[in-house]
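Residue numbers (the working numbering): 249 to 554. All C-beta atoms in this analysis are idealised placements derived from N, C-alpha and C, irrespective of residue type, glycine included. Before any comments, here is the structure.
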Amino acid sequence: RQTATPGVLARATPKAAGKVGLAIGHGGGHTPSMAGFIGEGLLDADAYGPLFTCASGVRIAAAIAEADRGAGVVLLVSNHAGDVLNARLAVRRAEQLGIMTRSVLLTDDVATAPRERYLERRGLGGLLFALKVGGAAAEAGCGLDEVAELMTRVNERTATLAVAVKAPTHPATGKLLFDLAPGHIEIGTGVHGESGVYSGPHLPADQIVDLLLDRLVPDLGGLIVNDRVWAFVNGAGATSMMELHILYRRVAQGLAARGLSLADGVVNTYFTTQDMAGFSLSLCALDDELARWWDAPARSAYFHHP
């Protein structure tokens, strides 16, 4: 539902009083996220801003207030400069209103920092795992610090890489947001059209997935429990479901070839960058406790689990 504050959406039927709320603030241009994740076992409120511009601190604080059911609110913060700055302002304002708040910084893009500095990484679509686990714990009645701690653990155990085969265009100017030569791909792109860390000739889908797995699996390394990982193949905006499932097929094959099993997976277009053609691959090494929260029910306009 649309709240009294422009740019702030909230659950049509709030969760029970006394439970922890989840909120997020972000910029536009990524539909169906994050509004599509408002619902049972997921987000309670979402503050969105203009295209690729984070919602203001005032607006995010309003989302925190909408999410509050008396037990405090966890604010998800994807690691981008504007998101982090406005989240700090929002938390300060919310606490002045008497709302207990915890921030969880989401940092899964392996292209932007090595594993030993993973908290410096940019946020990408791997936030789905932290949102799902934290949302389930909050829905079940876990306390504020416990929900935040669970989400922090999931973030540490998540790694993502994105690939572009066609650059996105700015809707106002029609100009491409980065240069990509015909017949080339870009690996390591960001959700706002940031260029990647590698550009080269287009490769078959299987080879692209293998390149990503060669980076993602070693990055998770000793965090992997019982040789199981969870995978999320996310469309960037102009990639068909058929193509995404071709990629997912290779993910399963590639993990098996590396001695790993695919515990569960999600294939869909959730976190987009306007009309960019491409995808991101997120792997998550959940432990047994986190896996139980992943398996809990969740219902929203765009995400249902199981």
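Those residues which DSSP pairs with residue i across a bridge
i, result
"H278", "Answer is none; H278 lacks a bridge partner."
"V515", "V481"
"D556", "In the structure as shown, the chain starts at 249 and stops at 554, and residue 556 therefore has no counterpart that could be examined."
"H569", "The structure shown has nothing for residue 569, since the chain only spans 249 to 554."
"G273", "A295"
"G287", "S548"
"P449", "H432"
"V268", "In DSSP, V268 forms no bridge with anything."
"K414", "A525"
For residue i, the first and last residue of its enclosing alpha helix (DSSP H)
i, result
"K380", "L375 to E387"
"A338", "A329 to Q344"
"R498", "M489 to A505"
"E404", "L392 to E404"
"L529", "Segment A525 to C532 is the beta strand (DSSP E) holding L529; no alpha helix (DSSP H) there."
"V306", "G305 to A315"
"L538", "D536 to W542"
Boundaries of the beta strand (DSSP E) in which residue i is found, first to last residue
i, result
"Y296", "A293 to L299"
"I456", "Where I456 is concerned, there is no enclosing beta strand (DSSP E), although the alpha helix (DSSP H) it sits in stretches over A453 to L468."
"R350", "T349 to L354"
"E599", "As displayed, the chain neither begins before 249 nor continues past 554, which places residue 599 out of reach and without an answer."
"A258", "V256 to A258"
"R471", "Per the sequence shown, residue 471 should be read as Leu rather than Arg. First-last for L471: undefined, no H or E at that position."
"L372", "No beta strand (DSSP E) contains L372, which DSSP labels as neither H nor E."
"S326", "V321 to S326"
Residue i and residue j closer than 9 angstroms at C-beta
i, j, result
"G269", "A309", "no"
"D357", "T408", "yes"
"T349", "R369", "no"
"S281", "Y496", "no"
"G444", "V411", "yes"
"A295", "A271", "yes"
"H432", "H450", "yes"
"V352", "V325", "yes"
"V413", "G526", "yes"
"A511", "A544", "no"
"V322", "M399", "yes"
"V439", "G371", "yes"
"V514", "L376", "yes"
"P298", "G275", "yes"
"R317", "A264", "yes"
Neighbour flag for residue i against chain D, beta carbons, 9 angstroms
i, result
"W478", "Chain labels in this structure do not include chain D; a single protein chain is all it has."
Any non-hydrogen atom of the ligand MN closer than 8 angstroms to residue i Cβ
i, result
"E491", "The ligand content of the structure shown is nil, which means the ligand MN is not present either."
May I ask you to verify whether the segment 453-465 touches the segment 414-429, counting CB pairs closer than 8 angstroms and requiring at least 3? no
Check whether the segment 361-368 and the segment 387-394 are in contact - that is, three or more C-beta pairs closer than 8 angstroms. no
Between the segment 288-304 and the segment 377-389, do three or more beta carbon pairs fall short of 8 angstroms? yes
Any 3 or more C-beta pairs closer than 8 angstroms across the segment 465-477 and the segment 522-536: yes
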